[in-house]
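Structure record follows, encoded as structure tokens.
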Amino acid sequence: MALGGGELMILLILFALFLGTIAVIALIIFKLIQGAKKRGSSTTATIDIDQNLHAALTEIAVRDGVTVPRMVNDLLNDYINKRRHWPPTQ
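Here it is, written out as structure tokens:
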């Protein structure tokens, strides 16, 4: 079954539109990722804390045998979970 010139042209146009759509989607995803990196979005973050608070956290961490970043991460997770479920439902 041979295709005529008009049908081949239509198939070529549809194929070009398909590739263009894929390119646009890829560009949008790339720009979103690039924008997130520009804003400093990350899975990790650096928090500036007072030196006295840092010393107290270090002392508690050494006493409990854990690392300071692990303890700070646990404290932040506890805070986030409490805020997420506040106020408590009855």
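Heads up: the sequence shown begins at -17 in the numbering used here, then just goes up one per residue.
Beta carbons: idealized from backbone N, C-alpha and C, even for Gly.
Because the structure is a prediction, the values reported are computed rather than measured.
Rounded straight-line distance, which links the Cα of residue j to that of residue i
| i | j | result |
| --- | --- | --- |
| Lys64 | Leu9 | 38 Å |
| Pro51 | Leu1 | 47 Å |
| Gln16 | Val6 | 15 Å |
| Ala34 | Ile11 | The question names Ala, but residue 34 is Asn in the sequence shown. Taking the straight line from one Cα to the other gives about 43 Å. |
| Thr4 | Lys13 | Checking the sequence, you will find Ile at residue 4 rather than Thr. About 14 Å. |
| Ala(-16) | Leu(-10) | 10 Å |
| Ile(-5) | Gly(-14) | 14 Å |
| Asp56 | Gly47 | 14 Å |
Sub-8 Å separation of residue i and residue j beta-carbons
| i | j | result |
| --- | --- | --- |
| Ala38 | Met53 | no |
Close-in-space but distant-in-sequence residues of the same chain around residue i (CB under 7 Å, 5 per side omitted)
| i | result |
| --- | --- |
| Leu58 | none |
| Thr49 | Ala43 |
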